[in-house]
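These notes concern the structure reproduced below.
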Amino acid sequence: MPTPSSAAAPVRATTRDHVRIFDTTMRDGEQSPGAAMTLSEKVELAQTLDQMGVDVIEAGFPISSQGDFEAVRAVAGVVRNSVVCGLSRAGEKDISRAAEALKGAARFRIHTFISTSPIHMKHKLQMEPAAVLDAVTASVTHARGFTDDVEWSAEDATRTERDFLRRCVEAAIRAGATTINIPDTVGYSFPDEYRAIFEDLIANVPGADGVVFSAHCHNDLGLAVANSIAAVQGGARQIECAVNGLGERAGNAALEEIVMALRVRGDALGYATQIDSTRLMRASQMVSRITGFPVQYNKAIVGKNAFAHESGIHQDGMLKNAETYEIMRPEDVGQGSTSLVLGKLSGRAAFKDKLKSLGYELSENAFQDAFVRFKELADRKRHVYDDDISALVDDQIAHGQDAIQVRRLRVVAGTDGPQTAEIDLVVDGEEKWATARGNGPVDAIFNAIRVIAPHEASLELYQVHAVTEGTDAQAEVSVRLMEGGRAGVARAADADTLVASAKAYVGALNRLRAKQARGPDAQESAA
Ligand code: KIV
Ligand code: ZN
């Protein structure tokens with residue numbers, strides 16, 4: 000018989016004006032095709048979310064694969080302040096597996112769910128409503144055997160008959176659930192409808208005043224953030240969201256948008272989160288780097304253009320008073336103004352200071368490596384901006400430990416072919432050389448890599464962005480490779496676009512190989 004964890008203090012509705020931020024980037028976010036993260040990437044992201052002040056971090060779905068189990072266990076071991084959460088279906092085996100992965104955490108939550116809508120119960124679960132109701136009680140009771148902090152979710156709640164939803168919520172509360180999540184699983188609701196569900200449940204379900212109600216919105220109609228805010232107006236005090244709005248299909252509500260909507264419109268809502276908003280940009284860039292999903296330029300809060308003013312009238316207004324066209328300041332969300340930061344004469348102290356202000360905490364060795372790379376960049380590039388430094392350090396963090404590394408590249412390109420690449424790679428410590436031709440220089444580089452590291456992976460994405468302005472800007476290249484249903488994604492930056500391309504391709508290959516080495520995953524989709 001499992002014993003309750005004494006360390007697991009539940010997150011309760013102690014203050015009525017505090018909205019808890021429940022981050023599901025590593026669970027629902029990871030369910031986006033091609034967004035799978037490695038264990039070390041999850042650990043890195045979890046630490047960032049923890050420092051940012053996220054209340055609950057959903058680290059994965061432990062029964063879905065050995066890899067997910069290990070990742071949840073690793074995250075549980077490093078997070079200091081946030082509650083670490085693991086997802087499970089309603090079965091005892093699922094719940095026990097989640098508890099096993101989470102038990103090392105300072106504070107943990109088990110999140111168990113079952114579908115409650117007629118369409119899900121009939122076609123997906125093939126269960127009668129009475130059996131679903133019994134499963135609610137049994138699953139929450141079993142989870143409470145491991146911890147006092149249990150969240151129960153009614154999958155597809157917004158398409159569930161209201162009376163049945165009330166009965167399920169009541170059963171979950173009676174069995175000991177401390178958070179009740181009402182997901183808009185298919186992104187179907189309108190804000191007024193979603194708000195009304197919360198108002199109804201909170202007013203009519205016995206015991207509702209002793210638990211925290213939670214919103215979990217998908218973005219199929221582009222309403223995830225609006226619905227989440229409506230849920231808060233209806234009484235929800237937890238919002239489930241993901242950095243950059245990552246998630247199943249069209250994604251989840253974007254964490255950064257939720258946090259800033261609550262903050263900027265505190266006058267209208269009066270609820271606060273405990274998020275340090277100056278870390279939003281960094282988290283967004285990290286998730287983009289890890290998944291290889293670029294952030295659209297006009298994305299609210301963290302997009303490159305979110306604070307750019309192009310028209311003359313706007314620029315004129317901005318120069319007179321920034322509040323004419325800005326409802327928040329770029330620095331509030333960690334968007335550095337494109338200031339000239341350092342030059343080739345800058346020393347270690349200035350560089351260390353800059354890293355700190357950008358939110359990086361590097362070990363001494365990593366700092367020394369970063370400094371050497373910064374000096375090399377400053378030699379090649381006249382102006383080094385904050386974004387250059389971030390790209391450089393992110394690149395080092397992402398690829399510093401890779402088994403295959405790019406050592407040297409020489410390319411023949413131009414109108415008079417054949418385009419040829421000569422590349423030196425270090426593979427598990429051994430230097431290897433190859434040359435190949437291609438249909439253009441990038442193709443030649445990728446062919447040369449394939450000579451040294453043969454593989455069948457197909458190239459699913461090749462994208463180039465300039466990190467800053469100007470012809471000497473660093474290029475940031477994203478590559479996604481697919482083989483046997485697995486994706487390897489990487490991003491790399493360099494002042495030379497072709498070098499960045501080689502590094503990104505090799506990075507993606509490293510990710511793919513790491514996944515293949517972990518063996519087959521019994522991946523099961525949660526929702
Ligand atoms: O969308 C959904 O219903 C979910 C649940 C598992 C919470 O992700
Ligand atoms: Zn979901």
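In numbering that gives the first Met the number 0, the protein residues as written are 0 to 526.
The C-beta atom is built at its ideal place from N, Cα and C for all residues, glycine as well.
Task: Beta-bridge partners of M481, as assigned by DSSP - done: S457 and A486
Open item on the list: Could you tell me which whole alpha helix (DSSP H) segments of length 4 or greater appear in the segment 89-136?
Closed with: 91-101
Open item on the list: What does the Cβ neighbour count give for R96, buried or exposed, with the cut at 16 atoms within 10 Å?
Closed with: buried
Task: the segment 67-87 contacting the segment 318-336, beta-carbon criterion three pairs below 8 Å - done: no
- [ ] Please work out which residues of its chain come closer than 7 Å, Cβ to Cβ, to S283, disregarding the five sequence neighbours upstream and downstream, and give them in chain order.
- [x] V242, N243, E255, V294 and V301
Open item on the list: Applying the 10 Å Cβ sphere with the 16-neighbour rule, what's the burial state of L318?
Closed with: exposed
Open item on the list: Rounding to the nearest angstrom, what Cα-Cα distance links K502 and V405 in this structure?
Closed with: 6 Å
Open item on the list: By alpha-carbon positions, which one of M481, L391 and V441 ends up nearest to H454?
Closed with: M481
Task: First through last residue of the beta strand (DSSP E) which encompasses F21 - done: R19 to D22
- [ ] Between the Cα of G439 and those of P128, A412, I422 and E459, spot the shortest distance and give me the residue it belongs to.
- [x] A412
Task: CB contact flag (S227, P182, <7 Å) - done: no
Open item on the list: At the level of alpha carbons, what is the spacing between Y324 and Y296?
Closed with: 18 Å
Task: Proximity of I56 and V18 at Cβ, strictly below 7 Å - done: no
Open item on the list: Checking 7 Å against the spacing of the C-beta atoms, do T177 and V139 come in under that value?
Closed with: no
- [ ] Inspect the beta-carbon positions of L341 and A349 and report whether they are closer than 7 Å.
- [x] yes
Task: Burial state of L339 (16 or more Cβ within 10 Å) - done: The pLDDT assigned to L339 is 49, lower than 50, so where the model puts this residue is not dependable, and the model offers no usable value.
Open item on the list: I'd like to check one pair, A513 with T37: are the Cβ atoms closer than 7 Å?
Closed with: yes
- [ ] Give a single yes or no on whether P182 has its beta carbon closer than 6 Å to a heavy atom of the ligand KIV.
- [x] yes
- [ ] Scan the segment 25-90 and note each continuous alpha helix (DSSP H) run of 4 residues or more that stays entirely inside, going in chain order.
- [x] 38-51 and 65-77
- [ ] For R248, collect the residues of the same chain with a Cβ closer than 7 Å to its Cβ; drop the 5 residues on either side in sequence, then sort them by chain order.
- [x] H217 and D219
Open item on the list: At a cut-off of 6 Å, would you count D427 as near the ligand ZN, judging by its Cβ distance to the nearest heavy atom?
Closed with: no
- [ ] Over the uninterrupted beta strand (DSSP E) stretch that includes I179, give me the two end residues.
- [x] T178 to D183
Task: H454 beta carbon near the ligand KIV (any heavy atom closer than 6 Å) - done: no
Task: N509, buried or exposed, once every other Cβ within 10 Å from all chains shown has been counted against 16 - done: buried
TODO: Check L261 in the structure and name its three-state DSSP category.
DONE: helix
- [ ] Look at the alpha carbon of I238 and the alpha carbon of A516, and state the distance between them as a whole number of angstroms.
- [x] 36 Å
Task: Boundaries of the beta strand (DSSP E) in which Q237 is found, first to last residue - done: Q237 to C240
- [ ] Express the C-alpha separation of L511 and I94 in angstroms, rounding to a whole number.
- [x] 30 Å
- [ ] Out of A377, A507 and T159, point me to the one whose CA is closest to T187's CA.
- [x] According to the sequence provided, residue 187 is Tyr. The question's Thr does not apply to it. Closest by alpha carbon: T159.
Task: Coil, strand or helix - T2 by DSSP - done: Bear in mind that a pLDDT of 40 at T2, under 50, signals an unreliable position, so the model cannot answer this.
TODO: Just confirm the distance between the C-beta atoms of A530 and V135, as a whole number of angstroms; I'd bet it's less than 8 Å.
DONE: Past the edges of the chain, shown from 0 to 526, lies residue 530, and the structure says nothing about it.
Task: Option nearest L376 by Cα separation, candidates D27, D394, S362 and E363 - done: D394
- [ ] Work out the CA separation of K343 and D378 for me, nearest whole Å.
- [x] 6 Å
TODO: Report the residue from L354, Q334, N203 and R281 whose alpha carbon sits nearest the alpha carbon of N304.
DONE: Q334
Task: S281 (DSSP reduced to helix, strand or coil) - done: Residue identity differs from the one stated: residue 281 is Arg in this sequence, not Ser. Looking at R281 - three-state DSSP - the assignment turns out to be helix.
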